[in-house]
Amino acid sequence: MIPGKDYISVGVGILIMNEERKILLLKRGKEVRNEPNKWSLPGGMVEFGDTLEKTVQKEAKEELGVDVEIIQQLHNFNHIIPEEKQHWVTTTYICTISKGTPQIMEPHKCDLLDWFTIQEMGDLPKTISLQHILEYLKNHPL
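Straight run, no breaks: the sequence shown in our numbering ends on number 1196.
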């Protein structure tokens, strides 16, 4: 059975902001589970028995090689990808880096990593989940 396709799956997003108030984004590669070649927050699927918070820690280490401190949980939303027939329920967490410097740890899944202000994200091809978060931030600025 395929998560997100054969059943609704749960994921987390990790919103990391630096001192310049820029947000860390990853450009998804060709081998990702969904929405290739689009920019997204780091994050991933919650595995059986893991909490959302444990998944944030695990995904930050796996994808970026960093330890993070969770500052705040944002909201949950439905991440529905009609053209891929996938449905995820995602929760995003605001985090800070407590140890390490972000780097691409999974080059088969991630092509680029960079920091952007919300304004600089304007024309980037974005995942549906990143679009949800940016819409949320318009009404709930950090």
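For every residue, glycine included, the Cβ atom is placed at its ideal position computed from N, Cα and C.
Between Leu1095 and Ile1068 the beta-carbon gap is near 6 Å, inside 8 Å, which marks them as a contact. Gln1111 is classed as buried because its beta carbon has at least 16 other beta carbons within 10 Å across all chains shown. Leaving aside the five residues that flank Pro1057 on each side, the residues in its chain whose CB is nearer than 7 Å to its CB run, in chain order, Ser1063, Met1099. Straight-line measurement puts the Cα of Leu1167 at about 15 Å from the Cα of Lys1084. Secondary structure of Ile1077 (DSSP, three-state): strand.
Shown here, Asn1132 sits in a strand according to DSSP, grouped into three states.
DSSP, read as helix, strand or coil, puts Ile1172 in coil.
Beta-bridge annotation (DSSP): Val1066 is paired with Gly1098, Thr1145.
In the three-state scheme derived from DSSP, where H, G and I count as helix and E and B as strand, Gln1126 is classed as strand.
Val1086: not part of any alpha helix (DSSP H); DSSP gives it neither H nor E.
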